[in-house]
Amino acid sequence: MLNFDENRVRTEHQNGVNLIPEVEKIVDKICEDGYSNIFLFGIGGTLLYAGQIMHTAKQLGCNLPLYLENATDFLYEGNAKFDKDSVVVIASLSGNTIEIEQAIDKAHEVGARVIGYVEVLDSPLAKKV
C-alpha cells in the first residue's frame, strides 16, 4: 500500500481505544436523560464506517432507533424523524469536513446532542462536538 504509515494508524486506533471510558460516561448520561433516536452522520470514508456500524447493529438484532445519514443529503433533505431529542454521532480524522460541520450546525439549531470522535483536537469539528 502506498504511503501506508503503520505507526500513524496504530496511534489513531489507540487514541480511539483510550477514549472508551469517557465515551461510556457520555453514553450513560444520554441514556439517563433520554433520547428519541440516534443518527450516524458521515460522508465519504466516514459514511462507510457509519454504515459498518449500522450493518453490525442490524446483524445483532439491535432495536435502537438508528439512522444512517449522508451529511450532504441530510443538509438538503433532512429527516422527518430528526428532532431535539435526537443524538448525532460523527467521526473524523481531519476534523475539517465542511458538510459534517454544517450538519452539526443544523443539529445544534434544533437542540439535538452531538457526540463524536475527531482525531485533530484543534480542528473545526472538534470544537463543535
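According to this note's numbering, the sequence shown is numbered sequentially starting from 2.
The beta-carbon is built from N, C-alpha and C at its ideal position, and this holds for glycine as well.
Contact between the segment 18-29 and the segment 43-61 is not established, with fewer than three Cβ pairs separated by less than 8 Å.
Rounded to whole angstroms, Tyr-77 and Glu-100 show a C-alpha spacing of 11 Å. Each residue's CA atom was taken as its position, placing Leu-94 and Val-18 some 14 Å apart. Here the C-alpha atom of Ala-81 lies approximately 15 Å from the C-alpha atom of Val-89. Between Glu-13 and Phe-42, the CB-CB gap reaches or exceeds 8 Å. The distance from the Cβ of Lys-85 to that of Val-115 is about 12 Å, inconsistent with a contact at the 8 Å cut-off. Nearest Cα to Asn-97 within the set Val-10, Asn-16, Phe-40, Leu-126: Leu-126. Taken through DSSP and simplified to helix, strand or coil, Leu-67 comes out as strand.
In the DSSP secondary-structure assignment, Val-89 is bridged to Phe-40, Val-115. For the pair Gly-79 and Ser-37, the Cα-to-Cα distance works out to about 16 Å.
Straight through space, the alpha carbons of Ile-44 and Thr-73 are spaced by roughly 7 Å.
Counting only the Cα atoms, Phe-5 lies some 38 Å from Phe-83.
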